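J.: Its first residue numbered 9, the sequence shown is counted upward by one per residue in the working numbering.
Sharing a structure, written as structure tokens. Questions coming.
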Amino acid sequence: MSAVSTLSPVFPLGTRVNERGRLEIGGCDAVELAREFGTPAYVVAEDDLRWRARAFMDALAARHADFDVLFASKAFPCTAVYRLLAEEGLACDVASGGELFLALRGGFDPARIYLHGNAKSEQELREAVQAGVGHVVIDSLHELERLERVVAESGQRQEVLIRVTPGVAGDTHHAISTGQTDSKFGFAPVDARVAIERLAGGSHLDLVGLHFHIGSQLLALEPFRAAVRTLAALGDFPVYNVGGGLGVAYTAADRPPAIADYVETIVAAVHAELGEDKRLLLEPGRALVANSAVTLYTVQTVKRNVSTWVAVDGGMSDNLRPMLYGSKYEALIADRPLAGGGEPCRIAGKHCESGDLIVRETQLADPVPGEVIATPVTGAYGYSLANNYNGVPRPPVIFCRDGEARVVVRRESYEDLAGRDVD
Ligand SMILES: Cc1ncc(COP(=O)(O)O)c(C=O)c1O
Numbered sequence: 009m010s011a012v013s014t015l016s017p018v019f020p021l022g023t024r025v026n027e028r029g030r031l032e033i034g035g036c037d038a039v040e041l042a043r044e045f046g047t048p049a050y051v052v053a054e055d056d057l058r059w060r061a062r063a064f065m066d067a068l069a070a071r072h073a074d075f076d077v078l079f080a081s082k083a084f085p086c087t088a089v090y091r092l093l094a095e096e097g098l099a100c101d102v103a104s105g106g107e108l109f110l111a112l113r114g115g116f117d118p119a120r121i122y123l124h125g126n127a128k129s130e131q132e133l134r135e136a137v138q139a140g141v142g143h144v145v146i147d148s149l150h151e152l153e154r155l156e157r158v159v160a161e162s163g164q165r166q167e168v169l170i171r172v173t174p175g176v177a178g179d180t181h182h183a184i185s186t187g188q189t190d191s192k193f194g195f196a197p198v199d200a201r202v203a204i205e206r207l208a209g210g211s212h213l214d215l216v217g218l219h220f221h222i223g224s225q226l227l228a229l230e231p232f233r234a235a236v237r238t239l240a241a242l243g244d245f246p247v248y249n250v251g252g253g254l255g256v257a258y259t260a261a262d263r264p265p266a267i268a269d270y271v272e273t274i275v276a277a278v279h280a281e282l283g284e285d286k287r288l289l290l291e292p293g294r295a296l297v298a299n300s301a302v303t304l305y306t307v308q309t310v311k312r313n314v315s316t317w318v319a320v321d322g323g324m325s326d327n328l329r330p331m332l333y334g335s336k337y338e339a340l341i342a343d344r345p346l347a348g349g350g351e352p353c354r355i356a357g358k359h360c361e362s363g364d365l366i367v368r369e370t371q372l373a374d375p376v377p378g379e380v381i382a383t384p385v386t387g388a389y390g391y392s393l394a395n396n397y398n399g400v401p402r403p404p405v406i407f408c409r410d411g412e413a414r415v416v417v418r419r420e421s422y423e424d425l426a427g428r429d430v431d
């Protein structure tokens, strides 16, 4: 059996094979982490997360004077991640009252929080206004009226942006494409004009700019350029928020644009179409947090049917993306990551659905029960889409740095599963 010589580049910065021949993340031996904290577990390399945040900030600072990078917090909404990204100087995008609560708890200055959502309730708007959220991104005329009422009651004023649907569709899964015509998100340009006029007619709302977000896991840059082009026709504003959406490499075969190339494209389009004096906001989620985390599982059974089925102790309860989008992942055995060779395997979850696959096809070298499987690139929309199907408690989140591991979200207990039941 031939050994492979290097790890896949999709693992977090600093991941390596240590002297014991095991996977090491953030200086911590992954097999030891599995022993100490149990599996499944989300393991985050803290340095990787900081490095990606700085890559966005530095790329913008080098090209444009007035900007903010907003953490699209739906991608990984736990206190420690909010806290770390607030420390790195990012602002924050929240899409519900719950995310707002978490962002405030994580230390974000309310003035640097942007509230999104296509169906914000009056209660959520009230919570945002009372918290002093800097900007609400208005998504519909009904919301405009509702927000106007809520802000009038508060006796304050509120800065707002209008979310525009530019009619641009990126090449991604239909469930995460949002910029196309006939989207549930935002205003079609003709309706955006109505909203702009209404806001100009005097109210408690100050319209400062426009927003779009055309979709997620986008691997081509042209749609971003095309979307920026559509904004100029709607007037001249001081603030433009061009959303998130930059795709990441889930496997070594994926070739996403580098963060600097993405920023270069956006800035060039904004300068050409809208001007150099604008306040420019980017809203990355996935590209900030996806590659920083690895999920560890323990092999429970191996069955050789037509395929080789390697069943682990997690699945669609901790990573719903394969079920939702048919997403592809890589995997290796953390006890011997360079083993190489082996046989084609399917890595199956423990849930009562045949579609519950973590990895549809990978090569593993004779995995046996008790060994630790690591799947990289689980930092985005893993924790946030996690659920309790089959009464499976959700995994902990463990931050690793310089060989020190700390639990930042504890594993759910069976008691937690019944925690909201009233009898
Ligand atoms: C309004 C908005 N901004 C930003 C994002 C983040 O997108 P991504 O994780 O693809 O960067 C999303 C994702 O759904 C979004 O809806």
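All residues carry an ideal CB built from backbone N, CA and C; glycine is no exception.
All of these numbers come straight from a predicted model, not from anything done at the bench.
1. Verify the contact flag: E132, CB atom, against every heavy atom of ligand 1, threshold strictly below 7 Å.
2. Are there 16 or more other CB atoms within 10 angstroms of the CB of E132, so buried, or fewer, so exposed?
3. Just to confirm my understanding: we take G178, look at its own chain, exclude 5 residues before and 5 after, and list those with CB closer than 6 Å. What are they?
4. If you follow the alpha helix (DSSP H) that F84 is part of, which residue opens it and which one closes it?
5. Threshold first: 3 residues or longer. Then list the beta strand (DSSP E) segments lying entirely within the region 107–153, N to C.
6. Express the C-alpha separation of G349 and M9 in angstroms, rounding to a whole number.
7. 8 Å is my cut-off, CB to CB: does L78 come that close to chain C?
8. Specify, as a first and last residue, the run of the beta strand (DSSP E) that R30 falls within.
9. Thinking just about the alpha-carbon of each residue, which of G323, V52, T370 is nearest to the one in T316?
10. Tell me the DSSP bridge mates of Y248?
11. Taking 7 Å as the cut-off, is the beta-carbon of A80 closer than that to any non-hydrogen atom of ligand 1?
12. Expressed to the nearest angstrom, what Euclidean distance is found between the alpha-carbon atoms of L15 and V52?
13. Do you know how far the Cα of V102 is from the Cα of K128?
14. Given the structure, does H221 come close to ligand 1, in the sense that its CB is under 7 Å from one of the ligand's heavy atoms?
15. Starting from the N-terminal side, write out each stretch of the beta strand (DSSP E) that is 3 residues or longer and does not extend beyond the region 349–406.
16. If you measure from the CB of P292, is any heavy atom of ligand 1 nearer than 7 Å?
17. Is the beta carbon of S224 within less than 7 Å of some heavy atom of ligand 1?
18. If I'm right that V247 touches L289 with Cβ under 8 Å, what's the distance once you round it to whole angstroms?
19. Three-state secondary structure (DSSP) at A103?
20. Please determine, among P85, E423, L340, P20, the residue with the shortest C-alpha to C-alpha distance to V367.
21. Secondary structure at A53, three-state DSSP: helix, strand or coil?
22. So, under 8 Å CB-CB, T303 and G390 are touching, yes? Tell me the CB distance rounded to an integer number of Å.
23. What does DSSP give as the partner residue(s) for V320 in the beta ladder?
24. Check whether the Cβ of A394 lies closer than 7 Å to any heavy atom of ligand 1, and answer yes or no.
25. According to the Cβ coordinates, are G187 and V202 closer than 8 Å?
26. Relative to the C-alpha of Q166, which candidate in G217, A295, I267 has its C-alpha closest?
27. Would you give the residue range spanned by the alpha helix (DSSP H) that H268 belongs to?
28. List the endpoints of the continuous alpha helix (DSSP H) containing R233.
29. Tell me R171's beta-bridge partners as DSSP assigns them.
30. Taking 8 Å as the threshold (C-beta atoms), are G357 and G323 in contact?
31. Among P345, D343, P352, L332, which one has its Cα closest to the Cα of D364?
32. Should L254 be listed as close to ligand 1, given that the test is whether its C-beta is under 7 Å from any heavy atom?
33. Going by the C-beta, is H124 closer than 7 Å to any heavy atom of ligand 1?
34. Is T23 closer than 8 Å to Y305 when the C-beta atoms are compared?
35. Once you ignore the five residues that flank V158 on each side, which residues in its own chain have a CB closer than 6 Å to its CB?
36. For ligand 1, any of its heavy atoms closer than 7 Å to the Cβ of D262?
T.: According to the structure data:
1. Outside the cutoff, so no.
2. Looking at its Cβ environment, which holds 16 or more other Cβ atoms inside 10 Å, E132 is buried.
3. I222, G223, L226, P231
4. Counting along the chain, F84 falls outside any alpha helix (DSSP H), and DSSP gives it neither H nor E.
5. 121–123, 143–146
6. Since pLDDT at M9 reaches only 46, below the 50 mark, its modelled position is unreliable, and the value read off the structure follows with that caveat. Between M9 and G349, the C-alpha separation is close to 5 Å.
7. In summary, chain C is missing from the structure at hand, where a single protein chain is found.
8. No beta strand (DSSP E) holds R30; DSSP gives it neither H nor E.
9. T370
10. L218, L288
11. yes
12. 17 Å
13. 11 Å
14. yes
15. 351–356, 365–372, 380–384
16. Indeed, a heavy atom of ligand 1 lies less than 7 Å from the Cβ.
17. yes
18. 7 Å
19. In the three-state DSSP reduction, A103 falls in the coil class, being neither helix nor strand.
20. L340
21. strand
22. 7 Å
23. V307
24. Result no, Cβ not under 7 Å from ligand 1.
25. no
26. G217
27. One point to set straight first is that residue 268 is Ala, not His, in the sequence displayed. Run containing A268: 267–281, per the alpha helix (DSSP H) assignment.
28. 230–239
29. Within the DSSP bridge table, the entry for R171 names H219 as partners.
30. yes
31. The shortest C-alpha separation from D364 is found at L332.
32. Indeed, a heavy atom of ligand 1 lies less than 7 Å from the Cβ.
33. For ligand 1, a non-hydrogen atom lies closer than 7 Å to the CB of H124.
34. no
35. L133, R134, V137
36. no
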